[in-house]
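All remarks here apply to the structure that follows.
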Amino acid sequence: MTTLFVRKLTVIDCSYLDARRGLVGESWHVDVELDGDLNEQGMLFDFGHVKKTLKKLIDSTVDHGLLIPTETEAYKLISEDNDRVALEFNSHVGQFKHASPLCAIQSLPVESITPEAVAQWLEKVAPTVLPENVKAVRFNLHHEIMPADQAHYHYSHGLKKHDGNCQRIAHGHRSRIEIFSNGQRNQQLENQWANQLHDSYIGTLEDIVSEDETSISFAYTANQGEFEITVPKQICTLMDTDSTVELIARFICEQIGEEGTKVYAYEGIEKGAVFSQ
Numbered sequence: 051m052t053t054l055f056v057r058k059l060t061v062i063d064c065s066y067l068d069a070r071r072g073l074v075g076e077s078w079h080v081d082v083e084l085d086g087d088l089n090e091q092g093m094l095f096d097f098g099h100v101k102k103t104l105k106k107l108i109d110s111t112v113d114h115g116l117l118i119p120t121e122t123e124a125y126k127l128i129s130e131d132n133d134r135v136a137l138e139f140n141s142h143v144g145q146f147k148h149a150s151p152l153c154a155i156q157s158l159p160v161e162s163i164t165p166e167a168v169a170q171w172l173e174k175v176a177p178t179v180l181p182e183n184v185k186a187v188r189f190n191l192h193h194e195i196m197p198a199d200q201a202h203y204h205y206s207h208g209l210k211k212h213d214g215n216c217q218r219i220a221h222g223h224r225s226r227i228e229i230f231s232n233g234q235r236n237q238q239l240e241n242q243w244a245n246q247l248h249d250s251y252i253g254t255l256e257d258i259v260s261e262d263e264t265s266i267s268f269a270y271t272a273n274q275g276e277f278e279i280t281v282p283k284q285i286c287t288l289m290d291t292d293s294t295v296e297l298i299a300r301f302i303c304e305q306i307g308e309e310g311t312k313v314y315a316y317e318g319i320e321k322g323a324v325f326s327q
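Residues in the sequence shown are numbered consecutively from 51, following my numbering.
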C-alpha cells in the first residue's frame with residue numbers, strides 16, 4: 051500500500067457554536083494522507099488533482115461557514131425549508147440565534163466541534179470525490195504554531211459587501227495581533243486587545259436591527275441571500291464600518307489613539323493588514 055501526503059493543503063477559516071464558549075472563530079491548517087494503489091501512470095493521485103479536489107470539497111462544506119454540533123441539547127433547529135435554515139443555540143455565554151441560506155452552515159452529528167471531529171467528518175465524505183484506487187483518506191487539522199507569549203484571539207464576523215463566502219454573517223478566524231509603540235513591540239497592548247476580542251463577534255453598527263439589555267441582532271442581505279444573527283451583547287465589538295481586516299487594524303489603532311502606533315491585525319494564518327498613525 052502506498053501513502054501520499056500533502057501538508058498544509060489549505061486553511062479552514064470558520065466559526066462554530068460551542069456550549070461552553072459560545073460562538074468561536076477558528077483557523078486550522080489542513081494536512082491530508084491518502085492510502086491506495088498506483089494507477090497506470092504510476093501514481094496514487096496527481097498532486098495537482100489532490101489539492102484541487104480536496105480543497106474544493108473543504109471550500110464547499112466547512113470553510114467560511116458556521117459549524118453546528120447537532121447532537122447536543124444546546125442546539126435547536128427552528129426551521130429548514132426553501133434552502134434556508136433557522137436555529138437557536140444556548141451556551142454558558144448566552145443564547146445565539148442564526149438564520150441564513152443553507153450554504154452558510156455545516157451540520158455535524160457530534161456533541162461538540164473539535165479539529166478531530168471535523169477531520170473525521172471530512173474523512174467520511176471525501177471518498178465521494180476521490181478515484182477508486184484511493185482506499186483510505188486521513189485529515190489532520192491543527193493550529194498555526196505560535197510563540198508561547200504571542201497574543202491572539204478568536205473572532206467571528208460577516209462582510210455583506212463581499213462577493214465570496216466572507217459575506218456569511220458567522221464565519222471567523224483565529225488570529226495573532228502585533229502592536230508597536232514608537233517602533234517597539236507593546237505586549238501589554240497586544241494582550242489587552244487579545245483579551246477584549248477573545249471569542250468575540252465584530253459587528254457593524256448599521257447592521258443592527260434590534261437590541262435589548264442582553265443581546266444584539268444583526269441582519270443584512272448579500273449576494274447569497276438574507277442573513278441574521280443574534281448574539282450576547284457581552285461578546286460584541288461594534289465598528290461604524292465593515293469589519294474587513296484592513297478596517298479592524300485601523301479601528302484598533304484609532305482606539306489606542308497614540309501617535310507612533312502600528313497595528314498588525316491578522317485574518318487567520320499568515321495574512322492580514324497593517325495600520326499606523
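Backbone N, C-alpha and C fix where the C-beta goes; we use that ideal spot for every residue, glycine too.
Just to confirm the assignment, what range does the beta strand (DSSP E) spanning residue i have?
i      : result
Cys64  : Thr52 to Asp68
Asp109 : Premise fails: Asp109 lies in the alpha helix (DSSP H), Phe97 to Asp109, not in any beta strand (DSSP E).
Cys286 : Cys286 to Met289
Ile155 : Ile155 to Leu158
Val313 : Thr311 to Tyr316
Ala299 : No beta strand (DSSP E) contains Ala299, which is instead part of the alpha helix (DSSP H) from Val295 to Ile306.
Leu137 : Arg134 to Asn140
Gly233 : Unbroken run through Gly233: none, as it is neither H nor E.
Ala323 : Gly322 to Ser326
Taking buried to mean at least 16 other C-beta atoms within 10 Å of its own C-beta, is residue i buried or exposed?
i      : result
Val281 : buried
Ala198 : exposed
Arg57  : exposed
Asp87  : exposed
Glu123 : exposed
Ile195 : exposed
Gly310 : exposed
Gly233 : exposed
Asp290 : exposed
Ser293 : buried
What residues match up with residue i in a beta bridge as DSSP calls it?
i      : result
Asn190 : Asp81
Ala269 : Glu278
Ser206 : Gly222 and Tyr251
Ala149 : Ala136 and Glu278
Is residue i near residue j, with beta carbons less than 8 Å apart?
i      : j      : result
Cys286 : Tyr251 : yes
His221 : Leu116 : yes
Leu191 : Val168 : yes
His248 : Ser77  : no
Leu127 : Glu83  : no
Lys185 : Tyr270 : no
Gly208 : Phe277 : yes
Asn132 : Gln217 : no
Arg134 : Leu152 : yes
Leu107 : Val179 : yes
Gly72  : Ser65  : no
Asn236 : Ile227 : no
Gly98  : Thr264 : no
Leu297 : Gly253 : no
Asp68  : Ile163 : yes
Ile219 : Phe139 : no
In angstroms with no decimal places, state the Cα-to-Cα distance between residue i and residue j.
i      : j      : result
Asn215 : Val112 : 11 Å
Ile266 : Asn183 : 51 Å
Gly201 : Pro119 : Inspection of the sequence shows that residue 201 is occupied by Ala rather than by Gly. Each residue's Cα considered, the two are about 28 Å apart.
Leu319 : Ser260 : One point to set straight first is that residue 319 is Ile, not Leu, in the sequence displayed. Roughly 33 Å separates the two Cα atoms.
Asn245 : Ser231 : 19 Å
Tyr125 : Lys147 : 10 Å
Cys303 : Val324 : 9 Å
Ala176 : Val187 : 7 Å
Ala136 : Ala149 : 4 Å
Arg300 : Asp213 : 22 Å
Asp81  : Met93  : 19 Å
Ser129 : Gln242 : 40 Å
Val100 : Ile279 : 36 Å
Asp262 : Lys321 : 36 Å
Along the chain, where does the alpha helix (DSSP H) containing residue i start, and where does it finish?
i      : result
Pro165 : Pro165 to Val175
Asn245 : Gln237 to Gln246
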